[in-house]
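Trainee: Following this message is one structure expressed as structure tokens.
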Amino acid sequence: MSTEEQAARGLADLEAYLYQEAHLSAARLRVAAFLAQSDGLSHRQKRDIEEWYLDEQKYVAGTVTQHIADSIAQADSARRRSSLQWIRWLLVAVTALTLLTFVGTVLLAATRP
Numbered sequence: 245m246s247t248e249e250q251a252a253r254g255l256a257d258l259e260a261y262l263y264q265e266a267h268l269s270a271a272r273l274r275v276a277a278f279l280a281q282s283d284g285l286s287h288r289q290k291r292d293i294e295e296w297y298l299d300e301q302k303y304v305a306g307t308v309t310q311h312i313a314d315s316i317a318q319a320d321s322a323r324r325r326s327s328l329q330w331i332r333w334l335l336v337a338v339t340a341l342t343l344l345t346f347v348g349t350v351l352l353a354a355t356r357p
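The structure is reproduced here in structure tokens:
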């Protein structure tokens, strides 16, 4: 893996981590607001609800992060295929021009006395 690929991978990992932390921070605020309005629940029930909700949100954040990573990988793969196809056609064009130049030079040399 090249340095550029490692840097891109590190950036993607950092973005995923920040997304998950932001998502979980918002989830903590939402569950705290819900539990503050919920009278009649024991401390254990509130803790169980909080743990369940945060576990669910971690799963959701992980799923979304994985989807984003997959989308980026697909876009990167498509870009690479497009670049390789462009390079292939460029190589064909350069080869054709070289061949035409060679044939033209041979014909020009053959017609001179």
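For the sequence shown, our numbering begins at 245 and goes up steadily by one.
Beta carbons are placed, not taken as given, at the ideal position from N, Cα and C, and that holds for glycine.
Going by DSSP in three states, S315 sits in which element: helix, strand or coil?
Mentor: Against the sequence shown, residue 315 aligns to sequence position 71. Here S315 sits in helix by DSSP.
Trainee: How about L298 and R272: are their beta carbons less than 9 Å apart?
Mentor: Taking the sequence shown and counting its residues from 1, the one referred to as residue 298 is at position 54. Taking the sequence shown and counting its residues from 1, the one referred to as residue 272 is at position 28. Going by C-beta atoms, L298 is nearer than 9 Å to R272.
Trainee: Considering only their Cβ atoms, is the gap separating I312 from A270 smaller than 9 Å?
Mentor: Residue 270 sits at position 26 when you count from the first residue of the sequence shown. Residue 312 sits at position 68 when you count from the first residue of the sequence shown. No, they are not a contact pair.
Trainee: I'd like to know whether the C-beta atoms of Y263 and V304 end up nearer to each other than 9 Å.
Mentor: The count along the sequence shown starts at 1 and reaches residue 263 at position 19. The count along the sequence shown starts at 1 and reaches residue 304 at position 60. Taking 9 Å as the Cβ cut-off, Y263 and V304 do not qualify as a contacting pair.
Trainee: Give the straight-line distance between the Cα atoms of D257 and L328, rounded to the nearest whole angstrom.
Mentor: The count along the sequence shown starts at 1 and reaches residue 257 at position 13. The count along the sequence shown starts at 1 and reaches residue 328 at position 84. Taking the straight line from one Cα to the other gives about 27 Å.
Trainee: Taking 9 Å as the CB-CB cut-off, is G254 touching chain B?
Mentor: Here there is only one protein chain, and chain B is not present.
Trainee: Put G284 into one of helix, strand or coil per three-state DSSP.
Mentor: Position 40 of the sequence shown holds residue 284. In the structure shown, G284 sits in coil (DSSP, three-state: anything other than H, G, I, E or B).
Trainee: My output table needs one value for R356: the three-state DSSP class, helix, strand or coil.
Mentor: Looking up residue 356 in the sequence shown gives position 112. Reduced to three states, the DSSP call for R356 is coil.
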